[in-house]
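>
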Amino acid sequence: MLSILPFPKKDYYRLLGNCPFEKSEKRAAMKAPSFEKFRFFSKLNHIEIPQVDRDGLISSRRLFPEELLGIAELLTTPKKKFTYKDLRKFLRLDENLSFGGVPFKEEGKKEIALSSNKSEGSFSGSYALYQILGTEIWAALHQSAKKLRTLDDCAEILSFFASPENMAKEFKKRHIPEEIYTPLLDAVENGKFNDFTKAANLSTKACRKILPFLLEGKVYSEACEMAHYNHAAASRDHWSQIRTHKDFVQLIKDFTEGQDRIANPSARKALTEGLKQLWAMQNKFGLPGKIAIELAREVGKSADERGKLKTSLDQTTAERKLERKEAADALGIEEYQVSSENLLRYRLWKEQKGFCLYSGKAIPAGQFHSPEFEVDHILPKSRSFDNSFNNKTLACLSENRKKGNLTPYEYFNAAKLPEEWYRFQESVEQISRKGSKCGIKKKNYLTKTLQEGLTERHLNDTRYASRLMAQCAELFYDKKDRQRSKGGEKRVFTRPGALTAALRQGWGVEHLKKEKEKNPKTGRRERIPDDRHHALDAICVACVDEKEILKIQKSFQENEKRTNDDRNLRKSPLPWDRFPEDVKVALDKIIVARPENRRARGEGHKETIRRFKISEKTETLSVSSRKSLKGLKTAEVQKLVGRLKDPERNPHIKAALETWISQGCPPDTLPRSPKGDEIRRIVVKEDQKSGIPLKTGRGEKSRKGLVAAASITRLDVFSKQKTSGKNKGEKEFYLVPIYSWQIMQNILPHHACIQGKNEKDWIFMDESKGFTFEFTLYPGSYVKIIRKGEMIEGYYASFGRATAQIVLKNPNNPQELYRSIGVKNLPLFEKYHIDRFGQLYKAGKESR
Numbered sequence: 009m010l011s012i013l014p015f016p017k018k019d020y021y022r023l024l025g026n027c028p029f030e031k032s033e034k035r036a037a038m039k040a041p042s043f044e045k046f047r048f049f050s051k052l053n054h055i056e057i058p059q060v061d062r063d064g065l066i067s068s069r070r071l072f073p074e075e076l077l078g079i080a081e082l083l084t085t086p087k088k089k090f091t092y093k094d095l096r097k098f099l100r101l102d103e104n105l106s107f108g109g110v111p112f113k114e115e116g117k118k119e120i121a122l123s124s125n126k127s128e129g130s131f132s133g134s135y136a137l138y139q140i141l142g143t144e145i146w147a148a149l150h151q152s153a154k155k156l157r158t159l160d161d162c163a164e165i166l167s168f169f170a171s172p173e174n175m176a177k178e179f180k181k182r183h184i185p186e187e188i189y190t191p192l193l194d195a196v197e198n199g200k201f202n203d204f205t206k207a208a209n210l211s212t213k214a215c216r217k218i219l220p221f222l223l224e225g226k227v228y229s230e231a232c233e234m235a236h237y238n239h240a241a242a243s244r245d246h247w248s249q250i251r252t253h254k255d256f257v258q259l260i261k262d263f264t265e266g267q268d269r270i271a272n273p274s275a276r277k278a279l280t281e282g283l284k285q286l287w288a289m290q291n292k293f294g295l296p297g298k299i300a301i302e303l304a305r306e307v308g309k310s311a312d313e314r315g316k317l318k319t320s321l322d323q324t325t326a327e328r329k330l331e332r333k334e335a336a337d338a339l340g341i342e343e344y345q346v347s348s349e350n351l352l353r354y355r356l357w358k359e360q361k362g363f364c365l366y367s368g369k370a371i372p373a374g375q376f377h378s379p380e381f382e383v384d385h386i387l388p389k390s391r392s393f394d395n396s397f398n399n400k401t402l403a404c405l406s407e408n409r410k411k412g413n414l415t416p417y418e419y420f421n422a423a424k425l426p427e428e429w430y431r432f433q434e435s436v437e438q439i440s441r442k443g444s445k446c447g448i449k450k451k452n453y454l455t456k457t458l459q460e461g462l463t464e465r466h467l468n469d470t471r472y473a474s475r476l477m478a479q480c481a482e483l484f485y486d487k488k489d490r491q492r493s494k495g496g497e498k499r500v501f502t503r504p505g506a507l508t509a510a511l512r513q514g515w516g517v518e519h520l521k522k523e524k525e526k527n528p529k530t531g532r533r534e535r536i537p538d539d540r541h542h543a544l545d546a547i548c549v550a551c552v553d554e555k556e557i558l559k560i561q562k563s564f565q566e567n568e569k570r571t572n573d574d575r576n577l578r579k580s581p582l583p584w585d586r587f588p589e590d591v592k593v594a595l596d597k598i599i600v601a602r603p604e605n606r607r608a609r610g611e612g613h614k615e616t617i618r619r620f621k622i623s624e625k626t627e628t629l630s631v632s633s634r635k636s637l638k639g640l641k642t643a644e645v646q647k648l649v650g651r652l653k654d655p656e657r658n659p660h661i662k663a664a665l666e667t668w669i670s671q672g673c674p675p676d677t678l679p680r681s682p683k684g685d686e687i688r689r690i691v692v693k694e695d696q697k698s699g700i701p702l703k704t705g706r707g708e709k710s711r712k713g714l715v716a717a718a719s720i721t722r723l724d725v726f727s728k729q730k731t732s733g734k735n736k737g738e739k740e741f742y743l744v745p746i747y748s749w750q751i752m753q754n755i756l757p758h759h760a761c762i763q764g765k766n767e768k769d770w771i772f773m774d775e776s777k778g779f780t781f782e783f784t785l786y787p788g789s790y791v792k793i794i795r796k797g798e799m800i801e802g803y804y805a806s807f808g809r810a811t812a813q814i815v816l817k818n819p820n821n822p823q824e825l826y827r828s829i830g831v832k833n834l835p836l837f838e839k840y841h842i843d844r845f846g847q848l849y850k851a852g853k854e855s856r
């Protein structure tokens, strides 16, 4: 019997960053009572309290210190939430007066300390600890800041240590009394603290020092100053100017390895590449006087859109509450015991109507939490970086493992029959409902290429990265010249993306991003799949100043009041005469620079291990594989009959196939065995031109198997001068593919691929016979060739060993491929290096 257990969780305490104020202290658990109070009063001190003055006019004020102390006293016995309704009740505020931006009907739902209507509440951590420890212990631990630290330590241990055993060790290490940690550990066993996971930005020590000044009514920056903290130290404003390469490397490390590491890979990549581009620009052209950065976000939603969004958020909150109750009922536990993981599983189970979509098998009610099922990323997370609910499904463990790093389409196409894909499509259609979110999920399920449907995710990632980019760009200037310094100058400007789009319309260059003809299906001119549109955006961003931005924003506000207005600015003065013409000329000269990928990553070999035979006469390899008969044409079936495995032992199968062939292989019927059963698949022999030998099993049960090599890491290009014919003296080119498994085992192959030949028949690149190493091609290497008199240049994309041909990508449009390029007799075959500004340099002599 095989028992499948989840992988053990890791302790994340060692990965915590340090506090920017208390350098030796770790950042706090977000559920720590000190941090929850700090966060609450930091927000509370910014709230405008409405009041009526002597003249009957409504004005506003901030909370008085005595009011803040009264609220703090009220919170001595914790409550899970503190809403605007609670604040109104405490202040005994007239019902005719309302808090700014918070409708009266929403006050009971709107949390003061949280930016959205989250179900856990502002003091969910304190409340959870209070429920377990009880009133007496809780009150005792609130008598002093030193004792309050015990509660903070408990929250920290519960948040960042994975197992009860590790938690117990840490409780003892910190000298926390047994009467405190014993009930906490009991609660852990019952899943009470599953939502204790996240870290805050400050340490609890810093929070406890700042809190007394917040209770005096000071805002965060003032409270920091009174606690003798440098408020700017929590940001990068205090950094000195980035002058040396060492400084720059440290800045990059801060985002990739340091305490401020950006977890989102897409945002991290966008930011670090932007900073590298700025560093390269500074080194080549000098530091620019000003920098303008386009923010990938909207100018602002209309009042109607904001209202719809608010309603949607409220509905979502209510749905989650109901689903948590349903999940608890299904599992036979209390609502508070439903972990976030099980809630996710239940939501997916409910959405999928209780079925695994990949296999079509039912997932029994109450078993969605079983290790027999897993939450799978529909589009592989390692390729899409999408961890949203719309990219998740609940699948059978076996199906998830088989699917691996493939999209559903790739998985079904590679491992299942065509009719199973049709069944899967029908299942997806059945669970899909109207609405944009379901539309995204449906697209994830059914997309054929990973590029489809990811634009919105990349946009969200870029919003975050662009804000950080603007902050970091200021560090390239001297500290005293920055905007926030006294006498400093504003150097870095941000431009909302929608305003830039409006300028493209107004300046008459928007058409450069669109196809000339309208799409007959949509009736619109679609965007050209050409990455030079980023350069067009950069030109527009650089050519607008702050005064023009203010004019456009005002125009947008006026247009918003009109109905059916598309917000495009049709009349806007050009930056200079012939601006559209000059922009087109500049764009035509651009080559989009892309990086060369030299990393030896990817699969070492395919998963399927096959038995093989070696012919004594020809020394060729042959393997057996199962072939589906569904959808095959007559000619294809005839070829399979000749390759049928053991036809002398299976004459009935051969006879059934021949009968089916004589009938014309009708698509609506399949051949049948003498018993009348449908023959859906047959086993045939295939020649295997290469493979990696593996041994499976142990002892007497061990067998030798063969697996196909997977990813090619690089191509080594060799040449040899022709010794005869009209092209005597010209070069012939040969390609030696090198796989990732060979690099891992330090194997350097020397045989060049020959079209249609087994690997044993490939040509050995013997220098004594005139073969010379030229250069190495990696994915993304820039290549120039002449084929049939035409100059073609682009980035190396892939190699086909069956044909010994390469594929190149158009440098500006990666979707446009130059296929079937045989290199042997090319009159020109050269490799180039390309810098960050699109300048090409012919590659020099390389060593192997």
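Position 479 of the sequence shown, counted from 1, bears residue number 487 in my numbering, the numbering being contiguous throughout. We put the beta carbon where it would ideally sit given N, CA and C, even for glycine.
(1) Which residue from G650, F204, Y366, S42 puts its Cα closest to that of S406?
(2) Take the Cβ of T721 as the centre, count every other Cβ of all protein chains shown within 10 Å, and call the residue buried at 16 or more, exposed below.
(3) Find out if the Cβ-Cβ distance for the pair T916, A40 is shorter than 7 angstroms.
(4) If you check the beta carbons only, do K730 and E738 fall under 7 angstroms apart?
(5) What does the alpha-carbon distance come out to for the pair F256 and K487?
(6) Given this structure, state the Cα-to-Cα distance separating G830 from M799, to the nearest angstrom.
(7) In its own chain, which residues sit with a C-beta less than 6 angstroms from the C-beta of S132, not counting the 5 before and 5 after it?
(8) Return the chain-ordered list of same chain residues with a C-beta closer than 7 angstroms to the C-beta of E556, the five sequence neighbours on each side being excluded.
(9) Could you spell out where the alpha helix (DSSP H) holding S42 opens and where it closes?
(10) For C27, which three-state DSSP category applies?
(11) Can you tell me where the beta strand (DSSP E) holding H385 begins and where it ends?
(12) In three-state terms, what does DSSP make of Q290?
(13) By how many angstroms is the C-alpha of G412 removed from the C-alpha of K777?
(14) State the start and end residues of the unbroken alpha helix (DSSP H) segment that holds Q433.
(15) Please list, in chain order, all residues of the same chain as L149 whose beta carbon is under 7 angstroms from its beta carbon, the five residues on each side excluded.
(16) Can you tell me the Cβ-Cβ gap for F726 and Y742, rounded? I've got them flagged as a contact below 8 angstroms.
(17) Let me know if T143 comes out buried or exposed under the rule of 16 or more other beta-carbons within 10 Å of its beta-carbon.
(18) Could you say which of P819, K734, G846, G808 lies nearest to N833 if we only look at CA atoms?
(19) Report all residues from its chain with a CB closer than 6 angstroms to the CB of G516; omit the five preceding and five following residues, and keep chain order.
(20) Look up Q646 in the DSSP assignment and say whether it is helix, strand or coil.
(21) Given this structure, state the Cα-to-Cα distance separating A664 from P679, to the nearest angstrom.
(22) Among the candidates L648, C215, S580, whose CA atom is the shortest distance from the CA of T28?
(23) Say whether the segment 161-168 touches the segment 178-189, bearing in mind that this needs 3 or more beta-carbon pairs closer than 8 angstroms, one atom from each stretch.
(24) Would a C-beta distance cut-off of 7 angstroms place E44 and S134 closer than the cut-off?
(25) Does the Cβ-Cβ distance between Y92 and K118 come in under 7 angstroms?
(26) What would DSSP say about G443, mapped onto helix, strand or coil?
(27) Please list the terminal residues of the continuous beta strand (DSSP E) segment that includes L816.
(28) Who pairs with F836 in a beta bridge, going by DSSP?
(29) Alpha carbon to alpha carbon, how far is P603 from I842? Give it in angstroms, no decimals.
(30) Between the C-alpha atoms of S68 and L99, what's the straight-line distance to the nearest angstrom?
(31) How should M477 be labelled, buried or exposed, when 16 other C-beta atoms within 10 angstroms of its C-beta is the threshold for buried?
(32) Between which residues of its own chain and K5 is the CB-CB distance below 8 angstroms, once the five residues before and five after are set aside?
(33) Tell me whether A147 is buried or exposed, calling it buried when 16 or more other Cβ atoms sit within 10 Å of its Cβ.
(34) Distance check for T811 and G505, CA to CA, integer angstroms please.
(35) Where does G830 sit, in a helix, a strand or coil, going by DSSP?
(36) Would you tell me roughly how many angstroms separate the C-alpha atoms of A851 and F845, rounded to the nearest one?
Inspection of the coordinates gives the following:
(1) For the purposes of this step, residue 406 is identified with residue 398 of the sequence shown, where counting begins at 1. Closest by alpha carbon: Y366.
(2) Within the sequence shown, the letter at position 713 stands for residue 721. T721 is buried by the Cβ-count criterion.
(3) Outside the modelled stretch of the chain, which goes from 9 to 856, sits residue 916, for which no answer is possible.
(4) Reading the sequence shown from its first residue, position 722 is the one you call residue 730. Reading the sequence shown from its first residue, position 730 is the one you call residue 738. Contact flag set, yes.
(5) By 1-based counting over the sequence shown, the position of residue 256 is 248. By 1-based counting over the sequence shown, the position of residue 487 is 479. Their Cα atoms are separated by approximately 15 angstroms.
(6) Residue 830 sits at position 822 when you count from the first residue of the sequence shown. Residue 799 sits at position 791 when you count from the first residue of the sequence shown. Distance between the alpha carbons of G830 and M799: 14 angstroms.
(7) The count along the sequence shown starts at 1 and reaches residue 132 at position 124. Cβ neighbours of S132 within its own chain (closer than 6 angstroms, five residues either side excluded): K88.
(8) By one-based count along the sequence shown, residue 556 stands at place 548. Apart from the 5 residues on each side of it in sequence, E556 has no Cβ closer than 7 angstroms to any other Cβ in its chain.
(9) Taking the sequence shown and counting its residues from 1, the one referred to as residue 42 is at position 34. Annotation for S42: the continuous alpha helix (DSSP H) segment containing it runs 41-52.
(10) Residue 27 sits at position 19 when you count from the first residue of the sequence shown. C27 falls in the coil class under three-state DSSP.
(11) Counting from one through the sequence shown, the residue named residue 385 turns up at place 377. Residues 381-385.
(12) Within the sequence shown, numbered from 1, the residue matching residue 290 stands at position 282. Of the three classes helix, strand and coil, the one that applies to Q290 here is helix, per DSSP.
(13) The residue labelled residue 777 in the question sits at position 769 within the sequence shown. The residue labelled residue 412 in the question sits at position 404 within the sequence shown. Rounded to the nearest angstrom, the two C-alpha atoms are 45 angstroms apart.
(14) Taking the first residue of the sequence shown as 1, we reach residue 433 at position 425. Taken as a continuous stretch (DSSP letters only), the alpha helix (DSSP H) holding Q433 covers 426-439.
(15) For the purposes of this step, residue 149 is identified with residue 141 of the sequence shown, where counting begins at 1. Excluding residues within five positions, the ones whose Cβ falls inside 7 angstroms are K155, L156, T158, L159.
(16) Here residue 726 corresponds to residue number 718 of the sequence shown, with the count starting at 1. Here residue 742 corresponds to residue number 734 of the sequence shown, with the count starting at 1. Yes, F726 and Y742 are in contact; Cβ-Cβ is about 5 angstroms, under 8 angstroms.
(17) The residue labelled residue 143 in the question sits at position 135 within the sequence shown. Label assigned to T143: exposed.
(18) For this step, residue 833 is matched to residue 825 along the sequence shown. For the residues P819, K734, G846, G808, the minimum Cα distance to N833 belongs to K734.
(19) Here the question's residue 516 lines up with position 508 in the sequence shown. Hits under 6 angstroms: P588.
(20) Here residue 646 refers to the residue found at position 638 when the sequence shown is read from its first residue. Helix.
(21) Along the sequence shown, read from residue 1 onward, the residue named residue 664 stands at position 656. Along the sequence shown, read from residue 1 onward, the residue named residue 679 stands at position 671. Answer to the nearest angstrom: the Cα atoms are 6 angstroms apart.
(22) As a position in the sequence shown, residue 28 is number 20, starting the count at 1. As written in the sequence, residue 28 is Pro, which differs from the Thr given in the question. Selected option, being the one with the closest Cα: C215.
(23) Contact holds between the segment 161-168 and the segment 178-189, because three or more Cβ pairs, one in each stretch, are under 8 angstroms apart.
(24) The count along the sequence shown starts at 1 and reaches residue 44 at position 36. The count along the sequence shown starts at 1 and reaches residue 134 at position 126. At a Cβ-Cβ threshold of 7 angstroms, E44 and S134 count as neighbours.
(25) As a first step, residue 92 is located in the sequence shown; it is residue number 84 there, counting from the start. As a first step, residue 118 is located in the sequence shown; it is residue number 110 there, counting from the start. Taking 7 angstroms as the Cβ cut-off, Y92 and K118 qualify as a contacting pair.
(26) Counted from its first residue, the sequence shown places residue 443 at position 435. Residue placement at G443 cannot be trusted, given a pLDDT of 40 that sits under 50; the coordinates are not used to answer.
(27) Position 808 of the sequence shown, counted from the first residue, corresponds to residue 816. Counting along the chain, L816 sits inside the beta strand (DSSP E) bounded by residues 813-817.
(28) Position 828 of the sequence shown holds residue 836. Note on identity: in this sequence residue 836 is Leu, with Phe being the wrong assignment. Per DSSP, the beta bridge partners of L836 are I794.
(29) Here residue 842 refers to the residue found at position 834 when the sequence shown is read from its first residue. Here residue 603 refers to the residue found at position 595 when the sequence shown is read from its first residue. In a straight line, the C-alpha of I842 is about 8 angstroms away from that of P603.
(30) Taking the first residue of the sequence shown as position 1, residue 68 is located at position 60. Taking the first residue of the sequence shown as position 1, residue 99 is located at position 91. S68 and L99 have their C-alpha atoms roughly 14 angstroms apart.
(31) Here residue 477 corresponds to residue number 469 of the sequence shown, with the count starting at 1. Per the 10 Å Cβ criterion, buried.
(32) Absent from the model: residue 5. The displayed extent of the chain is 9 to 856, so no value can be given.
(33) If you number the sequence shown from 1, residue 147 lands on position 139. With fewer than 16 Cβ atoms within 10 Å of its Cβ, A147 is classed as exposed.
(34) Position 497 of the sequence shown, counted from the first residue, corresponds to residue 505. Position 803 of the sequence shown, counted from the first residue, corresponds to residue 811. G505 and T811 have their C-alpha atoms roughly 46 angstroms apart.
(35) To locate residue 830, count along the sequence shown from 1; it is residue 822. Three-state result, G830: strand.
(36) As a working note, residue 851 is residue 843 in the sequence shown. As a working note, residue 845 is residue 837 in the sequence shown. The alpha-carbon atoms of A851 and F845 are separated by roughly 17 angstroms.
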